[in-house]
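Encoded as structure tokens, the structure appears first; notes follow it.
In the working numbering, the protein residues as written are 1 to 266.
Dropping the structure here:
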């Protein structure tokens, strides 16, 4: 299975795209969030992921930097359905309140000839804590991250080869989710900034982690490979080096600080 990082930045970035990624098995793709606008279309084009081959999208929560790109995906896939250029259905996994938000936004902003497919070939699948689904032929379990800001879910997916990848959303790890995250082969976790720059970026006020925090948690929970994303972009050219140098002081596993469009083989 291939992991393609489509965006790595937090909500306010201007030098990279908002955090989102795709998992690929064969010619099928699972999109997780879509950033804050139609930039998702360019990202998919650059990584040669055809919209016609995306049949599963998971939306973690309602914040604009994760949600609005999904509106564009609905528009583009709905149009492809209308033009008979899309086979099968699109499944959008999200919690109930988020389903209502997406339905409202799309019906207000997209033509009826496209939105008429909502509930039919564009189908919402409501997730709850512990909900299970088969995505890309893999067992996937969704979990509530117990956010204090906006209701948000993560997931853990086991590949056919037995590799477990976990996405913890864009807020710090909550001990209530230890069973979903502990021992993951791959963990995707936010790191708003360096611990050494916490007074500059004030991550704790925004309920985010630093590199040090995320790495200490991953070390404690026995994570083999840690991917840090959802960062600031004030020194993008040096981000990978600086984050890796700080993180290696607290984490002995394989630490990755990806650039937009970087790919990994799981």
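Quick reminder that beta carbons are idealized off the backbone N, C-alpha and C, glycines included.
- It is roughly 4 Å from the alpha-carbon of residue 18 to the alpha-carbon of residue 9.
- By the neighbour-count criterion, in which a residue is buried when 16 or more other Cβ atoms sit within 10 angstroms of its Cβ, residue 199 is exposed.
- Contact check for residue 239 and residue 257: beta-carbon distance about 6 Å, within the 8 Å limit, so the pair qualifies.
- Residue 135 has its alpha-carbon roughly 34 Å from the corresponding atom of residue 204.
- Judged by DSSP secondary structure, residue 16 falls outside any beta strand (DSSP E); it is assigned neither H nor E.
- Closest option to residue 138, judged by alpha-carbon separation, among 126, 125 and 162: 162.
- A Cβ-Cβ separation of about 7 Å places residue 40 in contact with residue 73 under the 8 Å criterion.
- Judged by beta-carbon spacing, residue 51 lies beyond the 7 Å limit of residue 90, meaning their Cβ atoms are not closer than that value.
- Inclusion of residue 189 and residue 214 in the CB contact set at 7 Å is warranted, their separation being smaller than that value.
- Within the same chain, and ignoring the five residues on either side of residue 108 in sequence, no residue has its Cβ closer than 8 Å to its Cβ.
- One Cα belongs to residue 127, the other to residue 92, and the distance between them is close to 10 Å.
- In the displayed model, residue 66 falls within a helix according to three-state DSSP.
- Taking 7 Å as the cut-off, the Cβ atoms of residue 59 and residue 98 count as close.
- Per DSSP, residue 1 lies in no alpha helix (DSSP H) and is assigned neither H nor E.
- The beta carbons of residue 69 and residue 34 sit closer together than 7 Å.
- For residue 94, the pairing in a beta bridge is given by DSSP as 126.
- Leaving aside the five residues that flank residue 180 on each side, the residues in its chain whose CB is nearer than 6 Å to its CB run, in chain order, 143 and 156.
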